[in-house]
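Number of protein chains: 2
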Amino acid sequence: MLSSDALSSIAYGTEQIVLVLMTLGSAAIWYSLPIALVVLVLLASLTLSYRQIIHAYPQGGGAYVVSTENIGNMAGLVAGGSLLIDYMLTVGVSVAAGADAITSALPVLHDYNLLISIILILVLMLMNLRGLHESAGFLLVPVYTFVVMTVVLILVGGMRILTGDMPYHATNSLGTTVSGMSLILLLKAFSSGSASLTGVEAISNAVPFFKKPKAKNAAATLGIMALILGIFFSGITFLNYWTGVVPTAHVTVLSQVASQVFNFSGIGKTFYYIFQFATAMILAVAANTGFSAFPMLSYNLAKNKYMPHMYMEKGARLGYSNGIISLAVGAIILLVIFNGSTERLIPLYSIGVFVPFALSQTGMVIKWRREIGKKFWHKALSNLIGAGISYAIVLILLIFRLPDIWPFFLIMPVILFLFYSIKHHYTNVANQLRLQNGEVVARTYTGNTVIVLIGNVTNVSIGAINYARSIGDEVIAMHVSTQETLDKDKEVETEFHTYFPDVTFSMIESSYRDIVRPVIRYVDLVAKASDKNDHTLTVLVPQFVPKHPWQNVLHNQMSIRMRYYLSWRDNIIVSSYSYHLKK
Amino acid sequence: MLSSDALSSIAYGTEQIVLVLMTLGSAAIWYSLPIALVVLVLLASLTLSYRQIIHAYPQGGGAYVVSTENIGNMAGLVAGGSLLIDYMLTVGVSVAAGADAITSALPVLHDYNLLISIILILVLMLMNLRGLHESAGFLLVPVYTFVVMTVVLILVGGMRILTGDMPYHATNSLGTTVSGMSLILLLKAFSSGSASLTGVEAISNAVPFFKKPKAKNAAATLGIMALILGIFFSGITFLNYWTGVVPTAHVTVLSQVASQVFNFSGIGKTFYYIFQFATAMILAVAANTGFSAFPMLSYNLAKNKYMPHMYMEKGARLGYSNGIISLAVGAIILLVIFNGSTERLIPLYSIGVFVPFALSQTGMVIKWRREIGKKFWHKALSNLIGAGISYAIVLILLIFRLPDIWPFFLIMPVILFLFYSIKHHYTNVANQLRLQNGEVVARTYTGNTVIVLIGNVTNVSIGAINYARSIGDEVIAMHVSTQETLDKDKEVETEFHTYFPDVTFSMIESSYRDIVRPVIRYVDLVAKASDKNDHTLTVLVPQFVPKHPWQNVLHNQMSIRMRYYLSWRDNIIVSSYSYHLKK
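Protein chains in written order, with the numbering used here: chain A, 1 to 583; chain B, 584 to 1166.
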């Protein structure tokens, strides 16, 4: 299932290559074939080098861990930061491509492309919040359907070409020189196509999910996946070349190829729709890999105090839930910024993947050298090649695609700064909380003063005063009065005294409609007096709890605000008295 | 400034008419001239009838108040609900048209249309949260610039036509019969153009903002505005007809007309860019009217308990802030759903305006009849005409634009249901809070038990125990232990007892990583025991308050959760002990 990320990339891989070549006109499309071949060679070597990582880190490596352990903190954080963004891009690119697959088949929906993408993300988010990974079996269905359908597509296409049923429509025959073709353009096209290689990372991150022997199974999966991907990628690129399909704004290349191969009539039409649907589904499953990888990575970063603790909260999968929600929000923001365009997201996606690729492969080389010594070449060779390829692709992207990838270099320093600020803050707080040797702040108090906020005399306020009397040695009822409501305020005071004749009732006057400031001013005064008497001071905010949690949105805004503002004052404990409604 | 809403509608009014006519081909464009005339006649009569409302409700009427008072609750809520949605659409349509104006002038930004719209909304939101209305003088600049620039546009266009400098390029001469032209299509085009009438409502809502004599000034403003709008609308429609401009996907009709009239070279180019910028700015100001109207309407609805209290919170403009944020979020959601397309938002916008128009005019007729009796015709005539026009437009929309406006009929019942549910809930709660005659729950307690949650022994936990001893007769320190951390937990217990040898230390064991459930189970047990002893029970959650509010996001997730879950238990008061960090 983890292969979905890599396999699904064929839905946009060929198209991305062809799109770049199209700048020279459709005659240049045949170049996609040699480019696809180079991509496949790279895939093979990256696969070999990632098998090394899987064997070395059977507990689940990932670029963050490998880079941190072998190169250093900074390298690890760069890898981790890139991957955080990259998982958002994985989700964004996959759902955007999924929406493209859907709207290619159903053009009437084309205007709603972005909306479809966002809905897909929200559905995936909810499924993951509900604990998708535990019942993930059904996710295999779209993966297998897609694999079967792609095999059928390639077989039908091959048969029809061999039997001469599908005429040769290539825009230009193989090997024709196209004027204006340059190495730069080829490298650009290649860098776009290399986005198809990005799925290799997902498997090495997820080794712990495999059956035992984990590392062996994961490595085998990687091999099989690379083989399938190779066949699919070259098959589709060839079919695209043969049919002479040219990218258009509203229909994906893959959809055009499929509709040509399946002839789009009779039973072929059905096949075409199943194929498009399977494409959309595998892309959704691919987006889902981001939803398992992101929370795990943010958990690891939070454990090392580079990300907020909320990503590693104990119990009830809460930390993971925070990761899942952050990922979904991030992906939606990226989609809105880039208007749901796969074409513009993919260069960023590539740089975000190949930087950690390069770092983790470098880390592996360093590891072998340290562990094995002089003879490390034997083990490190494939990692060296992997690192070389990754650096080369990063370099190509840097030189030829800078107009597309500059946001990466804007975001990364910000992320690194955040990582270090968070780390600094946590260290700082830990120092302040630690008990200093010999210093024990064991002040003893002689009692407690309680201020109860009273609006009207209701069941809530009566309960609150009763509670206040149980904890306090001195109880003060406080009521805020404005000029306009003076008569009503006097009534409240009279009614209050019929129930509690012995409790002090303080009327705080406020000339404007701001009730927070006068309350704080009064509370501060009482706090000073209590401190002198060695009393603690409790401010009790009565509130009621509605029967259903969602009803909270209708109530208690004022007590939330009051608690918030009072929580910043020293020497004051803010407490809520909750009255539970039964209906 | 309030006129901006109406005046800005010329940025899309002509275009909407032409777009519908284009379904018959560009030859049909000349029909936009008679349609524009009809729209102007309607504008005149709507203006007259709205002047009546202004005179009758000098304290600021608006469809909600007028309909509720004169027809009934239900009619008022339909008008109010429509307007709530409609203000979101005002914001959405205006910023989308503003983004169109910008990207028409700067085509390189075209792909970022939606993003530009969203950024505009967020900027308006922040400006309004900061209290824009108090320094609103500078908003007049774009309005005047736009008025001046449009006058220049019409004058230059007129001059060039009269001097023969701008050749006659109309796609078809006036009066030519176009095959396929039907009354249905004309009515459709007319209903699209009538979106330009929607600004009339904004002024009648905002009478309180005018200088005294308010009603007279407001009525005068309405008259002047209608005159300017009439000149602008017919001028631009005529220029569009003369130049034969046809709608295209990426450039607005108004932008094409302006670039033709200003000849787009030399000084004309500068004029063109100023004009486009002024258009975008007046549209932003128009969106801003939504930001003053929405919070006021939601305040009125909240006062009558049909909307959550949070829209009428006292003090610090908080209620208005909630309204402003809700409006911005709603507008952004609408934009994303409709992909930032003015063309698809406008039919909804029209139905959402003309339903409350019709209701408030009906309300006025009823009011005159009740107040004046038999001779009410004299006063009610203009309102009767206004109501008639509004019903007619609603009917046209209903019959010919149903495929575009059906969401309105889906959303309105939901909104009405929510209004009534909220009202029902508030009434229900008020009944439960009211003290029943003779029933006084004045239970007296003999003391208080305090449970303090202790993780580690830090400055925070020591302070918390000190406080707990000041309020409690019995203090229990509670620590949750998991299998994995058993050794560390024993250490915590030992360390705790060196500081507080006399405080009970309860170790709660939990076999899994969920610490909420065991805590609740234990607390429930203690609660039962305390209740028997006539003790209240306080659960004290220690937490620390970082120096800067934003740092809260890095901390205390666990104590927030704990408080949340405990807040649902009866007979337990949850309190936080806050330790303030100094650094």
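From the three backbone atoms N, C-alpha and C, an ideal C-beta is built for every residue, glycine too.
Output the boundary residues of the alpha helix (DSSP H) element that contains M281/A. 267-303
Is there at least one non-hydrogen atom of the ligand MN closer than 7 Å to the beta-carbon of I267/A? For the structure depicted, the ligand MN is absent and the ligand set is empty, with no information on it obtainable.
Q.
Rounded to the nearest angstrom, what separates Y445/A and F1088/B at their Cα positions?
A. 21 Å
In whole angstroms, what is the alpha-carbon distance linking K1165/B and P58/A?
45 Å
Run through chain A and tell me which residues come within less than 7 Å of P891/B, C-beta to C-beta.
V553, L554
### Query
Nearest-angstrom Cα distance between A1110/B and I929/B?
59 Å
task: Measure from the C-beta of S575/A to each C-beta in chain B and report whether the shortest distance is under 8 Å.
output: yes
Between Q483/A and chain B, is the shortest Cβ-Cβ distance under 8 Å, so that the two count as touching? no
message = Residues of chain B with CB closer than 7 Å to the CB of R434/A, please, in chain order.
response = T1041
**Message:** So for L435/A, helix, strand or coil by DSSP?
**Reply:** coil
TODO: Specify, as a first and last residue, the run of the alpha helix (DSSP H) that P1125/B falls within.
DONE: No alpha helix (DSSP H) holds P1125/B; the beta strand (DSSP E) holding it covers 1118-1128.
Looking at C-alpha atoms only, which residue of T177/A, I451/A, V457/A is the closest neighbour of L525/A?
-> I451/A
Residue-chain proximity (L43/A, chain B), Cβ-Cβ < 8 Å
no
Does the CB of D694/B have a neighbour CB from chain A at under 8 Å? yes
query = Between which two residues does the beta strand (DSSP E) containing S510/A stretch?
reply = 504-510
_Between the alpha carbons of S194/A and G164/A, how many angstroms are there, rounded?_
33 Å
Is S182/A buried or exposed, if buried means 16 or more other CB atoms sit within 10 Å of its CB? exposed
Simplified DSSP state of E896/B, which is helix, strand or coil: coil
Going along chain A, which residues have a C-beta under 7 Å from H1163/B? D570
Kindly list, in the order they appear in chain B, the residues whose Cβ is closer than 8 Å to that of V545/A.
S1150, W1151
Would you say N558/A lies against chain B (beta-carbon separation less than 8 Å)?
It is Met, not Asn, that sits at residue 558/A in the sequence shown. By this cut-off, M558/A is an interface position.
Does the distance from the C-beta atom of F937/B to that of I976/B stay below 8 Å? yes
Practice prompt. At 9 Å on the CB atoms, spell out the chain A contacts of E896/B, in chain order.
Written response: Q557, M558, R561
In terms of residue numbering, what span does the beta strand (DSSP E) encompassing V1059/B cover?
Before going further, note that residue 1059/B is Ile rather than Val in the sequence given. Start and end: 1057-1065.
Checklist line | Residue nearest to F271/A in terms of C-alpha spacing, selected from A258/A, L283/A, V523/A | finding: A258/A
### Query
Shorter than 8 Å from the beta carbon of N263/A to some beta carbon of chain B?
no
- Task: Report the residues of the segment 1048-1073 of chain B with a CB closer than 8 Å to any CB of chain A, ordered along the chain.
- Result: N1049, Y1050, R1052, S1053, I1054, G1055
- Query: Along the segment 988-1014 of chain B, what residues have a CB closer than 8 Å to any CB found in chain A?
  - Reply: I1005, H1008, Y1009, N1011, V1012
8 Å contact criterion, which I1091/B and P1101/B should meet: CB distance rounded
5 Å
Check: Going along the chain, which residues of its own chain have a beta-carbon closer than 6 Å to the beta-carbon of L453/A, five neighbours each way excluded?
Finding: M478, V541
* To do: Using a Cβ cut-off of 8 Å, pull out every chain B residue sitting near L114/A, in sequence order please.
  => L697, V919, N922
* Asked: Could you give the residue range of the beta strand (DSSP E) that holds T1032/B?
  -> 1030-1036
Give me the chain A residues within the contact set of G1030/B, using Cβ-Cβ distance strictly less than 8 Å, ordered along the chain. S470
- request: Name the two residues that bound the continuous alpha helix (DSSP H) containing I393/A.
  value: 377-400
Subject >> For V834/B, three-class secondary structure by DSSP >> reply: coil
Could you give the C-beta distance for V523/A and V539/A, rounded to a whole number, given that I count them as a contact under 8 Å?
-> 6 Å
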